[in-house]
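Student: Input: one structure, supplied below.
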Amino acid sequence: MNNTKPLLIINCSDLKKLGVHTAYDLYQGKIFSLINSNCRDIREYADVLILSAKHGLITADAQIAHYNLEMPNIGTVEMNEFINTHKKSATALLKEKLTKGRDCYVCLTLKYQHAFDHLTENGLKTRFKGLNYLYVSRNCGGIGYMRGRVKGIVNAIVNKSCIKPVIFRSGVANADEAIGYLSAGCNIGTSLAYFESKPFLPYFISNSLKSQYSFIDNGVITAMNKGENVTPNDVFANYKNIIDRLTVEQASRLSVVVPDDMLFPTKSLKVVTDHAKAIIALANRCQVMIVVHKCGNVVNHATNMLEALNYHPNITLGVPSRLSIDTGFEGLNKIHPRLSLSDIERLLEMKVPIKPNSKVKRPVWRRVHFLGLCEKSGQAYMDRLNLAAQYDYMTPHFDTCRTPALIGNEKKSNLLGTKLLRLSKNMIEHNRVVNDVCFKSHDIDSEWDEPVIYEAMTELLNRSVSAYLHNWNAIFKGTALAFTASEQSSYMSMNEDDAIVELDDLLCRIDPAFLTQKAKPHFWMKFCERKHESISVERRIAALCKAMIGDKKPVPVMLPVEFNHTLPQPLQGQPFYLPELKYIQ
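Position one of the sequence shown corresponds to residue 1 (the UniProt record's numbering), numbered consecutively onward.
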């Protein structure tokens with residue numbers, strides 16, 4: 001038994017084979033036929049449980065005979081008797097099957113779902129919480145929708161290895177963020193609100209689109225918070241200007257966000273209807289995102305916007321996914337924009353005929369983008385990733401602004417990026433020192449004139465015998481001069497003054513040229529001058545890149561020529577920037 005396989009729970013069917021068979025082979029209903037037509041044998045990919053009107057919850061391989069019994073109606077004595085009869089065995093079976101980290105799909109018709117809810121209401125809460133992903137089909141619109149959901153589940157299970165999310169590091173507003181993320185091979189997102197004051201941003205976006213994806217937010221909220229008035233006409237004109245400078249291939253990788261209103265969906269609809277021509281023109285060239293905010297009926301709202309665009313085939317569904325947003329508006333404080341999973345599913349289910357009066361339908365969305373979520377967002381991310389896959393969106397887009405979560409106060413914060421920020425200071429300065437001509441040329445003749453190495457060694461010895469021994473072994477690692485553990489213990493047990501005298505005598509007997517050669521790299525800081533010091537922008541680039549890149553090597557980022565003078569001073573005049581990360585441990 002493989003408890004790492006996904007768990008699929010379905011109900012029995014009226015149509016059955018005669019005789020005795022495994023439960024899965026006995027049932028011949030439409031859902032079973034649908035599963036079999038979309039998968040060679042679902043049991044190779046999933047652990048299947050079946051809720052039977054006679055036997056309760058059973059495994060797919062349970063041997064059972066043909067029977068003729070239906071699930072009782074909801075609210076009847078017979079339904080209560082069914083629940084009481086089978087609750088204990090169902091709970092025991094699920095305790096065995098609901099293992100931590102597993103995916104679980106529950107797709108039952110109404111009466112069976114009611115029974116399942118009551119069969120599992122006690123003793124399984126912790127088990128369900130420990131799952132990697134739990135999907136329960138509810139509010140299904142009919143057998144057609146149920147068939148669609150089951151087919152999507154089967155495809156998601158069988159093709160799980162094909163799920164390849166596209167994750168954006170959004171909110172990029174500065175050169176250090178752009179270079180740090182791009183050098184780590186990240187997809188980046190930014191806002192039109194930053195373009196006027198940061199003219200180098202369009203260049204970085206354009207450059208990234210040669211191999212990565214990028215997206216640009218409309219910047220309306222940012223502008224409003226600054227007291228600026230930005231109209232939809234301004235937004236669409238700016239989008240067009242940006243796309244006009246891109247190749248066809250670059251433009252196809254760019255996502256742009258239609259101006260939206262999270263508080264008043266009718267205003268979002270008005271923007272779409274009033275500017276349908278401009279939106280369609282953009283959708284013919286790039287990926288256009290329409291954000292569907294909370295409202296009375298998200299499907300009706302989405303339908304109205306899509307109808308205004310003649311159901312253009314290149315529209316991305318934008319799904320608000322942040323738990324809360326500080327609006328900055330007086331008296332309003334925070335709002336909670338995250339769409340529920342049920343609303344998301346209703347939107348993903350939307351289809352339209354491929355042509356008028358055709359019975360063949362296609363999804364209304366080309367792709368789906370979850371705004372305000374990434375792989376660090378825990379269960380909310382996993383739920384949406386898997387739900388998207390059930391509807392064949394195998395490359396769903398996600399974005400979050402990662403910089404604030406990575407980097408805080410450089411001196412006090414313990415965030416990952418801030419720790420790397422502090423480490424990057426030594427890394428950058430080390431690389432500059434060891435490549436400096438003064439450091440490279442410092443040899444025994446230089447040491448006779450200015451004994452940098454010898455003084456560093458004696459200073460360390462007089463400060464701490466323990467530290468001296470540790471550094472000595474680091475310098476002479478792999479040579480006969482390295483102290484054994486017993487030798488170190490012997491020195492540590494001596495009177496400190498006696499140990500200093502003896503160790504200083506040993507130091508004086510080392511060949512000066514050999515000492516200089518071995519110890520110079522260890523004491524590189526003694527050669528550090530003002531010209532070698534790193535500045536904030538360099539440290540941030542290195543820290544952001546290292547936080548994102550893992551074990552990969554950074555890639556060089558080309559710097560703009562036209563707007564080179566607008567970059568931070570240390571970046572000006574350089575054709576490209578390549579963070580050096582090998583000394584960040």
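Note that beta-carbon positions come from the ideal geometry of N, C-alpha and C, so glycine has one too.
Helix or strand or just coil, what does DSSP make of residue 64?
Tutor: Looking at residue 64 - three-state DSSP - the assignment turns out to be strand.
Student: How many angstroms separate the CA atom of residue 305 from the CA atom of residue 3?
Tutor: 44 angstroms
Student: Between which two residues does the beta strand (DSSP E) carrying residue 270 extend?
Tutor: Run containing residue 270: none in the beta strand (DSSP E); it sits in the alpha helix (DSSP H), 265-274.
Student: Decide if the region 369-380 is in contact with the region 394-403; the criterion is three or more beta carbon pairs, one per stretch, under 8 angstroms apart.
Tutor: yes
Student: Compare the beta carbon distance of residue 168 and residue 139 with 7 angstroms and say whether it is the shorter of the two.
Tutor: no
Student: For residue 528, which three-state DSSP category applies?
Tutor: coil
Student: Taking C-alpha atoms, which residue in 474, 65, 125 and 98 lies nearest to residue 49?
Tutor: 98
Student: Do residue 453 and residue 459 have their C-beta atoms closer together than 7 angstroms?
Tutor: no
Student: Can you tell me where the alpha helix (DSSP H) with residue 504 in it begins and where it stops?
Tutor: 496-508
Student: Using the C-alpha atoms, what's the distance from residue 442 back to residue 207?
Tutor: 42 angstroms
Student: Are there 16 or more other CB atoms within 10 angstroms of the CB of residue 626, so buried, or fewer, so exposed?
Tutor: The shown model of the chain, from 1 to 585, leaves out residue 626, and the question about it has no answer.
Student: Using beta-carbon positions only, say whether residue 202 and residue 242 come within less than 7 angstroms of one another.
Tutor: yes
Student: Is the beta carbon of residue 415 sitting closer than 7 angstroms to the one on residue 406?
Tutor: yes
Student: Taking Cβ positions, are residue 433 and residue 532 nearer each other than 7 angstroms?
Tutor: Yes, they are a contact pair.
Student: Could you have a look at residue 390 and say whether DSSP puts it in helix, strand or coil?
Tutor: In the structure shown, residue 390 adopts helical secondary structure according to DSSP, grouped into three states.
Student: Can you look up residue 417 in the DSSP assignment and give me helix, strand or coil?
Tutor: helix
Student: Judging by CA-CA distance, which residue of 274, 528, 204 and 440 is the nearest neighbour of residue 259?
Tutor: Out of 274, 528, 204 and 440, the CA that lies nearest to the CA of residue 259 is found in 274.
Student: Can you say whether residue 586 is buried or exposed, counting buried as having 16 or more other CB atoms within 10 angstroms of its CB?
Tutor: This structure does not reach residue 586, given that the chain is present from 1 up to 585, and the question cannot be answered.
Student: So, at 6 angstroms on beta carbons, what are the nonlocal neighbours of residue 158 in its own chain, with the 5 sequence-adjacent residues on each side left out?
Tutor: Taken in chain order, the residues that qualify are 39 and 45.
Student: Quick one: give me the first and last residue of the beta strand (DSSP E) that residue 301 is part of.
Tutor: Counting along the chain, residue 301 falls outside any beta strand (DSSP E), though it belongs to the alpha helix (DSSP H) covering 298-308.
Student: Please state whether the Cβ-Cβ distance between residue 131 and residue 11 is less than 7 angstroms.
Tutor: no
Student: Which two residues bound the contiguous beta strand (DSSP E) that contains residue 287?
Tutor: 287-291
Student: Can you tell me whether residue 15 is buried or exposed, with buried defined as 16 or more other CB within 10 angstroms of its CB?
Tutor: exposed
Student: Find the nearest neighbour of residue 213 within the set 43, 181 and 238, judged by alpha-carbon distance.
Tutor: 181
Student: Under DSSP, the beta strand (DSSP E) around residue 167 begins and ends at which residues?
Tutor: 166-169
Student: Counting only the same chain and skipping the five closest in sequence on each side, list residues whose C-beta sits under 7 angstroms from that of residue 194.
Tutor: 173 and 201
Student: Can you have a look at residue 112 and say buried or exposed, based on whether 16 or more other CB atoms are within 10 angstroms of its CB?
Tutor: buried
Student: Can you tell me where the beta strand (DSSP E) holding residue 52 begins and where it ends?
Tutor: Residue 52 -> beta strand (DSSP E) spans 47-52.
Student: Of all the options 87, 127, 179 and 136, which has the alpha carbon lying nearest to the alpha carbon of residue 549?
Tutor: 179
Student: When DSSP labels each residue in this structure, what does residue 105 get in the three-state scheme?
Tutor: strand
Student: Evaluate the contact criterion for the region 260-267 versus the region 345-359: three or more CB pairs, one atom per stretch, below 8 angstroms.
Tutor: Contact between the region 260-267 and the region 345-359 is absent, because fewer than three Cβ pairs lie under 8 angstroms.
Student: Quick one: grab the DSSP three-state call for residue 190.
Tutor: strand
Student: Just how far apart, CA to CA, sit residue 482 and residue 438?
Tutor: 28 angstroms
Student: What residue range is occupied by the uninterrupted beta strand (DSSP E) comprising residue 6?
Tutor: From DSSP, residue 6 is part of no beta strand (DSSP E); its letter is neither H nor E.
Student: Using a threshold of 7 angstroms, state whether the C-beta atoms of residue 54 and residue 67 are closer than that.
Tutor: yes
Student: How about the region 375-392 and the region 346-364: do they share at least three Cβ pairs that are nearer than 8 angstroms?
Tutor: yes
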